[in-house]
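In the order they appear, the protein sequences are chains R and Z.
Quick note on numbering: this note's numbering labels position 141 of the first sequence as 475, and the sequence is numbered without any gaps.
Quick note on numbering: this note's numbering labels position 89 of the second sequence as 423, and the sequence is numbered without any gaps.
Comments concern the structure below.
2 protein chains.
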Amino acid sequence: MDERTLLLLGMLRIESQHGYQLNEFIEHNLARVTDMKKPTAYALLERLEREGAITSRLEQEGARPPRKVYAITPQGERLFLTLLRESLGSASVYVIAGDAGMMFLDALPLDEALALLRQRLATVREQAAALDRVPAHKMGLGVALTIEHQAILLHADEAWLSGLIERLASQGATAGAGQPTGA
Amino acid sequence: MDERTLLLLGMLRIESQHGYQLNEFIEHNLARVTDMKKPTAYALLERLEREGAITSRLEQEGARPPRKVYAITPQGERLFLTLLRESLGSASVYVIAGDAGMMFLDALPLDEALALLRQRLATVREQAAALDRVPAHKMGLGVALTIEHQAILLHADEAWLSGLIERLASQGATAGAGQPTGA
DNA sequence: GCGCGATTAGTCAAGTATGACTAGTCAAAT
DNA sequence: ATTTGACTAGTCATACTTGACTAATCGCGC
Chain R
335 MDERTLLLLG MLRIESQHGY QLNEFIEHNL ARVTDMKKPT AYALLERLER EGAITSRLEQ
395 EGARPPRKVY AITPQGERLF LTLLRESLGS ASVYVIAGDA GMMFLDALPL DEALALLRQR
455 LATVREQAAA LDRVPAHKMG LGVALTIEHQ AILLHADEAW LSGLIERLAS QGATAGAGQP
515 TGA
Chain Z
335 MDERTLLLLG MLRIESQHGY QLNEFIEHNL ARVTDMKKPT AYALLERLER EGAITSRLEQ
395 EGARPPRKVY AITPQGERLF LTLLRESLGS ASVYVIAGDA GMMFLDALPL DEALALLRQR
455 LATVREQAAA LDRVPAHKMG LGVALTIEHQ AILLHADEAW LSGLIERLAS QGATAGAGQP
515 TGA
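Here it is, written out as structure tokens:
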């Protein structure tokens, strides 16, 4: 939740914006940095305003519904810096989504497990390729860094997965069928 | 949430257990696979029982408070397999906790950013070292795989971070001071 | 034979997050 | 003029998650 607050404050620090705008940018450009959803962003903005980190001013354009344009306050700037220092200085033990499945790999026949892992590998490759296609220019240093970070992790993941598949496949060739061992 | 359900079902599939026992094992041995907390586990167990994936039977030992021992049902077994296939076959775009901070790296003076990144690197190294110390034997194939997975990702992270620090440091040496660029 | 910290087993209130929905506006094709 | 599909802007009920707590037992030193 602190990461999310940091993200919103950081974006408002760069430019005052209304909720919809913030959310659009996050959905379209920052899907790899956060998976925060719209209602969460609105809720956080409300809380930040209550706490004095940001202020809002109503703005109307044409006959459209009025919208709240948020701006960061000096207090919010201080909060931003605190959160930023916290975030940069630490590396929370990270939990890889998807590893729970890996734990029970041997609950499936080897053949099927291999097929599924190959499918996963394809997805990872797609993601890695998509990332490599993102143009490096035209984004701040920070965003470029997160993309780079993602990319190297994905490539490491890809290498490991494809190695794992090979190991399992050759093991399967050695042994006979591919029945679950049953724990 | 599906990952968490999968984990609980998988554990119950191996052995019927009560909530406390499940949680102990998770906290002590699976902190790297999931960060699920105790009340969440209890809540999920309740839901799974309501849905018929597991059943419970009260058990009393001595004068201790009675506890619910959960066992997986055939329906739960089917759910387990479905979730397992889903989990193994896909690679959800993963979001790296901590990258939000990276995005705003240039909000800090270069010197400070570097100091923080070095601190982060130290943490990553610690984690990697701790993982490498985990004995490879004495745990099922699955658990060993998740540890291995974690380890290679941590090492990739470490390499990237230390490269980044070097790049930033040399860039700082070239340019003069280290003031925020402000944007 | 009793106080005390550790362990066992679990619950609860409060905070967080989100899928689904509302309610309008705009562009442009019919 | 009017239907239609996409966009703008946000809200709400519900579900999920967890920090902090309860309440009992056990072991162990005194």
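Beta carbons: idealized from backbone N, C-alpha and C, even for Gly.
These numbers were taken from a predicted model, which means no experiment stands behind them.
Compare the C-alpha of R:Met-335 against each of R:Ser-350, R:Leu-382 and R:His-362 and name the closest. Mapped onto the first sequence, residue 335 of chain R falls at position 1. When only C-alpha atoms are compared, the closest one is R:Leu-382.
With H, G and I counted as helix, E and B as strand and the rest as coil, what does DSSP make of R:Glu-393? The residue you call residue 393 of chain R lines up with position 59 of the first sequence. If DSSP states are grouped into helix, strand and coil, R:Glu-393 belongs with the strands.
Just the chain R side, please: which residues come within less than 7 Å of Z:Val-477 by C-beta, in chain order? For the purposes of this step, residue 477 of chain Z is identified with residue 143 of the second sequence, where counting begins at 1. Within 7 Å Cβ-Cβ: Met-437.
With three or more C-beta pairs closer than 8 Å as the rule, is the region 424-432 of chain Z touching the region 347-363 of chain R? Flag = no, the region 347-363 of chain R and the region 424-432 of chain Z do not touch.
With contact counted as at least three CB pairs below 8 Å, one residue from each stretch, are the region 379-395 of chain R and the region 394-404 of chain Z in contact? The region 379-395 of chain R is not in contact with the region 394-404 of chain Z.
DSSP beta-bridge partners of R:Lys-402: Looking up residue 402 of chain R in the first sequence gives position 68. Within the DSSP secondary-structure output, R:Lys-402 pairs in a beta bridge with R:Leu-392.
Measuring alpha carbon to alpha carbon, tell me which residue in R:Asp-440, R:Ile-406, R:Val-403 and R:Lys-402 is nearest Z:Gly-474. Position 140 of the second sequence, counting from 1, holds the residue named residue 474 of chain Z. Ranking the options by Cα distance to Z:Gly-474, first place goes to R:Asp-440.
Just the chain R side, please: which residues come within less than 7 Å of Z:Gln-453 by C-beta, in chain order? Taking the second sequence and counting its residues from 1, one reaches residue 453 of chain Z at position 119. Gly-423, listed in chain order.
Along the chain, which unbroken stretches of the alpha helix (DSSP H) at least 4 residues long are found entirely within the region 434-504 of chain R? The region 434-504 of chain R contains these whole alpha helix (DSSP H) runs: 444-467.
Please indicate yes or no: does the CB of R:Glu-358 lie closer than 7 Å to some heavy atom of the ligand HEM? The model depicted lacks the ligand HEM and carries no ligand whatsoever.
Mark Z:Asp-466 as exposed unless 16 or more other C-beta atoms lie within 10 angstroms of its C-beta, in which case mark it buried. Position 132 of the second sequence, counting from 1, holds the residue named residue 466 of chain Z. An exposed status is given to Z:Asp-466, since fewer than 16 other beta-carbon atoms sit within 10 Å of its beta-carbon.
Stretch-stretch touch, CB-based, cutoff 8 Å, three pairs: the region 412-420 of chain Z with the region 356-368 of chain R: Below 8 Å, too few C-beta pairs join the region 412-420 of chain Z and the region 356-368 of chain R to call them touching: fewer than three.
Starting from Z:Met-345, follow the alpha helix (DSSP H) in both directions and report where the run begins and ends. Taking the second sequence and counting its residues from 1, the one referred to as residue 345 of chain Z is at position 11. It spans 336-348 - the alpha helix (DSSP H) in which Z:Met-345 sits, taken as one unbroken run.
Cα separation between Z:Val-477 and Z:Arg-366? The residue you call residue 477 of chain Z lines up with position 143 of the second sequence. The residue you call residue 366 of chain Z lines up with position 32 of the second sequence. Near 10 Å, if we compare the C-alpha coordinates of Z:Arg-366 and Z:Val-477.
Own chain partners of R:Gln-409 with C-beta closer than 7 Å, once the 5 adjacent residues on each side are dropped: Locating residue 409 of chain R in the first sequence gives position 75, where the first residue counts as 1. The residues Gly-386 and Ala-387, in chain order, have a CB closer than 7 Å to that of R:Gln-409 in the same chain once the five nearest residues on each side in sequence are set aside.
Does the count of Cβ pairs from the region 432-447 of chain R and the region 478-490 of chain Z closer than 8 Å reach three? Result yes; three or more Cβ-Cβ pairs closer than 8 Å.
Identity of the residues DSSP links to R:Gln-351 by a beta bridge: Taking the first residue of the first sequence as position 1, residue 351 of chain R is located at position 17. BP columns for R:Gln-351 point to R:Tyr-404.
Pick from Z:Leu-343, Z:Asp-369, Z:Leu-342 and Z:His-483: whose alpha carbon is nearest that of R:Gly-497? In the first sequence, counting from the first residue as 1, residue 497 of chain R sits at position 163. Of the candidates Z:Leu-343, Z:Asp-369, Z:Leu-342 and Z:His-483, the residue whose Cα lies closest to the Cα of R:Gly-497 is Z:His-483.
Three-state secondary structure (DSSP) of Z:Leu-379: Numbered from its first residue, the second sequence carries residue 379 of chain Z at position 45. DSSP, reduced to helix, strand and coil, places Z:Leu-379 within a helical segment of the structure shown.
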